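>
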Amino acid sequence: MKNIHHPAPISRRGFLSATTTAGLLWSPSLAGCGSLEIRADEGEEARSVIFLVADGMNTGTWTLADYYLQHRSKQRTEWVQLYQQNAATRALMETCSANSRVTDSAAAASAWSTGVRIDNGAINFAPDGSELEPIHRRVQQSGRSTGLVTTTRVTHATPAAFAANVKVRGEEDTIARQYLEREVDVLLGGGEKNFSALTRADGIDLKQQYQAAGYQLLQSRDQLLNMGEERAKRLLGLFWPSHLPYSIDRNQQPEIAQQVPTLAEMMRRALSTLEQNRHGFLLQVEGGRVDHGGHGNDVGAIVHDQLAFDECIAVAREYTQQHPETLVIVTTDHGCGGCQLNGVGSGYRDTDQTFFAGIDAIGASYEHLQSVVSSMDADQFKALVQQRLQVEIDEKRQQQLVVARAKGGYAVANLLRSWHDSYARTGVNWTSGNHTGEFVELCAWGPGSAAIGQWIRNTDLHPVIGRALQLS
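For reference, each letter of the sequence shown is one residue, going 377 to 848 in this note's numbering.
1) Between the beta-carbon of G567 and the beta-carbon of T531, is there less than 8 Å?
2) Taking G590 and R558 to be in contact with their CB atoms under 8 Å, please state how far apart those CB atoms are, rounded to whole angstroms.
3) Tell me whether P823 is buried or exposed, calling it buried when 16 or more other Cβ atoms sit within 10 Å of its Cβ.
4) Helix, strand or coil, according to DSSP, for T397 in the structure here?
5) So what's E651 in DSSP terms, helix, strand or just coil?
6) Return the Cβ separation of A640 and E701 in integer angstroms, given the expectation that the two are a contact with Cβ distance under 8 Å.
7) Can you tell me where the alpha helix (DSSP H) with L601 in it begins and where it stops?
8) So is N602 buried or exposed if we call it buried at 16+ other beta carbons inside 10 Å?
9) Should the segment 735-747 be regarded as contacting the segment 459-473, the criterion being three or more beta carbon pairs within less than 8 Å?
10) With a 10 Å radius around its C-beta and 16 neighbouring C-beta atoms as the bar for buried, classify E768 as buried or exposed.
11) Taking the alpha carbon of M642 as the point to measure from, which residue in A677, V679, Q652, V562 has its own alpha carbon closest?
12) I need the boundaries of the beta strand (DSSP E) containing E817, first residue and last residue.
13) Distance, Cα to Cα, N653 vs Q554?
14) From N496, L650, G604, D709, pick the residue whose C-alpha is nearest to that of G519; which is it?
15) Go through its chain and collect everything with a Cβ distance to P637's Cβ below 6 Å, but skip five positions before and after it.
16) For Q774, is the classification buried or exposed, using 16 other Cβ atoms within 10 angstroms of its Cβ as the cut-off for buried?
17) Who are the near neighbours of E413 in its chain, counting only those whose CB is closer than 7 Å to its CB and skipping five residues on each side?
18) Hey, out of H796, S449, Q516, E454, whose CA is closest to E694's CA?
19) Counting C-beta neighbours from all protein chains within 10 Å, is the total for E509 16 or more, i.e. buried, or is it exposed?
20) Is it true that the CB of N834 sits closer than 8 Å to the CB of E470?
21) Locate the alpha helix (DSSP H) running through I735, then write down its first and last residues.
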């Protein structure tokens with residue numbers, strides 16, 4: 377495994393002396409990425425790191441969530457409150473990969489994990505094909521625990537990049553096996569299919585193997601919330617066959633809410649498990665379905681999942697009040713979909729009413745409606761779409777729906793999206809269904825956060841974490 381960018385270990389005293397007097401750089405950045413400017417208090421030592429990722433969040437999504445929360449609850453998002461209270465270091469981050477100004481999640485998270493920019497599609501393999509050491513291994517060698525929590529499959533690109541090595545990000549069965557072999561302590565999210573003998577290509581029952589290795593298996597929200605006084609030191613929580621349902625669907629449907637925990641609930645359980653290690657931990661928490669809402673141009677889905685992610689910032693603030701030796705980083709890997717609130721009406725005077733009423737009226741994601749279309753007759757589905765999206769299905773649309781159902785894939789969801797017309801109904805429009813290349817928001821607080829400048833590259837977060845945890 378290639379390890380080309382890490383200096384030899386030095387003592388804590390030597391580390392502090394060197395960084396304070398000579399500006400020692402813990403990890404040079406590669407692939408056209410310059411070194412991070414070091415600040416005076418960069419030598420602050422953290423016991424633990426919480427890394428929060430709203431995958432696919434551009435500033436438009438960030439803004440929509442704050443506006444909608446003001447409308448719904450008369451308060452600002454936790455992220456905005458951090459800025460209002462000057463409670464965090466704030467930066468803009470460049471998100472490029474080695475081969476594109478527009479990154480994918482695999483390359484972006486690998487940049488954080490290794491300090492090296494790699495090509496889109498790979499996880500912790502350099503452009504020359506060499507294998508890079510993910511940050512999980514470095515943290516583990518320091519005696520700390522690691523955890524990955526997400527609303528996607530736990531084997532998806534962003535969590536995987538903190539612990540796995542695959543040349544193609546889609547090798548999720550392999551990633552699930554590597555987590556076990558590399559002893560990631562906490563895994564909570566979706567993706568049961570990559571652990572089940574019934575759905576894995578090799579027929580191996582990984583769930584049984586995890587349990588044999590001492591992991592407590594959790595498969596419902598009730599099991600997560602009611603583990604009892606005996607706290608396991610390792611958890612495998614798989615709450616849905618694939619990605620967890622969107623928050624908007626969880627909020628509207630009791631049967632989903634009963635089965636699937638919120639991201640904040642999973643984060644709390646992960647923290648209570650990981651903190652048993654007196655040496656500390658590295659925990660990544662990903663609001664991964666924000667990205668999927670962008671890909672699907674689904675305004676209801678993206679707003680509600682961004683708000684669900686924002687609850688995790690509150691959990692982190694609460695935790696660091698009790699554990700101030702914790703570094704917290706909050707960011708995204710890239711934008712997705714280019715969603716923005718646009719002016720509506722003469723002098724834009726209809727903007728607010730259109731946006732707030734439009735979001736209020738949405739009761740399901742396009743994805744959920746597509747998932748149930750095959751189990752309903754035409755009249756049932758027509759009534760459901762009218763109830764959840766306020767969209768009428770006439771005879772012409774009924775015929776279009778028949779064709780879309782026959783096509784499969786995302787055809788039904790795409791059809792619903794075109795009928796719904798988010799700009800007309802909410803004032804929100806999109807540039808594409810793809811990732812976008814803008815600079816993104818980042819904030820941090822706790823020991824080591826002052827080492828972050830006002831503008832950084834994605835690779836620069838790797839040495840920030842390494843210095844804060846004093847990794848060798």
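Just so you know, even glycine gets a beta-carbon here, dropped at the ideal spot from N, CA and C. Remember, predicted model here, so these are calculated numbers, not experimental data.
Answer, in terms of the structure:
1) yes
2) Not a contact, Cβ separation roughly 14 Å.
3) buried
4) For T397, the predicted structure reports a pLDDT of 33, less than 50, and the residue's modelled location is therefore unreliable. A value from the coordinates is still provided. It is helical.
5) coil
6) No, A640 and E701 are not in contact; Cβ-Cβ is about 22 Å, not under 8 Å.
7) 597-601
8) exposed
9) no
10) exposed
11) V562
12) 816-821
13) 22 Å
14) L650
15) R597, L600
16) exposed
17) Legend: pLDDT at E413 = 45, less than 50; position of this residue unreliable, value from coordinates given subsequently. G829.
18) E454
19) buried
20) yes
21) 727-736
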